[in-house]
Amino acid sequence: MRRFSVVVVSVGMLWTASSGLAGQGGVKLPAAVEKAFKAAYPNATIKNVAKEKLAGKDVYEVESVDAGKTRDIIYRPDGVIAILEEQIAAADVPAPVTAAIMKEFPKATVTRYERVVENGVTRFEVQLKGARVASAEYLPDGKRAK
């Protein structure tokens, strides 16, 4: 008689219609956050959801991938975005930022571009290879962000 072993693999679902978006550790998003995310990014795949603190207040981070690009969004419980970080293509970086990077790091290679929006201020963060620093942030006019 042959013996067969059965291996059961449990996969936690990040998206279910009945329980909303949930991440590692069982974090469930408030309805307003879930609604805002689904409306803004209907084709995104959720990778993780976490509850965090920002300035002493609860916020919810949604890590996602959309069309091959990563996006991390920190929402307030009412569904308003507090911080948005999204991977972008080099072509989406303003010319003054590109010029500033080339001037400051002429021998470096940019390995990743991100747009960061926080409190209405947009910054462009670049990951660098072959530079004296691993990353740098710029404002849209090409000035270094503080």
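Sequential numbering of the sequence shown, starting at 1293, is according to the numbering used here.
Note that the Cβ used here is the ideal one computed from N, Cα and C, for glycine as well.
Less than 8 Å between the C-beta atoms of residue i and residue j, yes or no?
{"i": "Ala-1392", "j": "Gly-1422", "result": "no"}
Excluding the 5 residues preceding and the 5 following residue i in the sequence, name in chain order all residues of the same chain whose CB lies nearer than 6 Å to its CB.
{"i": "Val-1425", "result": "none"}
Going by DSSP, what residue range makes up the alpha helix (DSSP H) through residue i?
{"i": "Lys-1330", "result": "1323 to 1332"}
{"i": "Lys-1395", "result": "1387 to 1396"}
With a threshold of 7 Å on Cβ separation, who are the neighbours of residue i within its own chain once the five nearest residues in sequence on each side are excluded?
{"i": "Leu-1431", "result": "Arg-1415, Ala-1437"}
{"i": "Lys-1327", "result": "Gly-1371"}
{"i": "Arg-1368", "result": "Val-1351, Ala-1374"}
Closest by CA to residue i, which one among the options?
{"i": "Leu-1376", "options": "Asn-1335, Phe-1329, Lys-1349, Asp-1384", "result": "Phe-1329"}
{"i": "Ala-1323", "options": "Lys-1339, Tyr-1352, Gly-1348", "result": "Tyr-1352"}
{"i": "Val-1389", "options": "Glu-1344, Tyr-1333, Val-1418", "result": "Val-1418"}
{"i": "Ala-1400", "options": "Val-1341, Glu-1410, Glu-1406, Ser-1427", "result": "Ser-1427"}
Beta strand (DSSP E) containing residue i: first to last residue?
{"i": "Ala-1374", "result": "1373 to 1380"}
{"i": "Val-1418", "result": "1413 to 1421"}
{"i": "Val-1354", "result": "1349 to 1358"}
{"i": "Val-1409", "result": "1401 to 1410"}
Just grab the DSSP bridge partners of residue i for me.
{"i": "Ala-1336", "result": "Answer is none; Ala-1336 lacks a bridge partner."}
{"i": "Arg-1472", "result": "Residue 1472 is absent from the model: the chain starts at 1293 and stops at 1438."}
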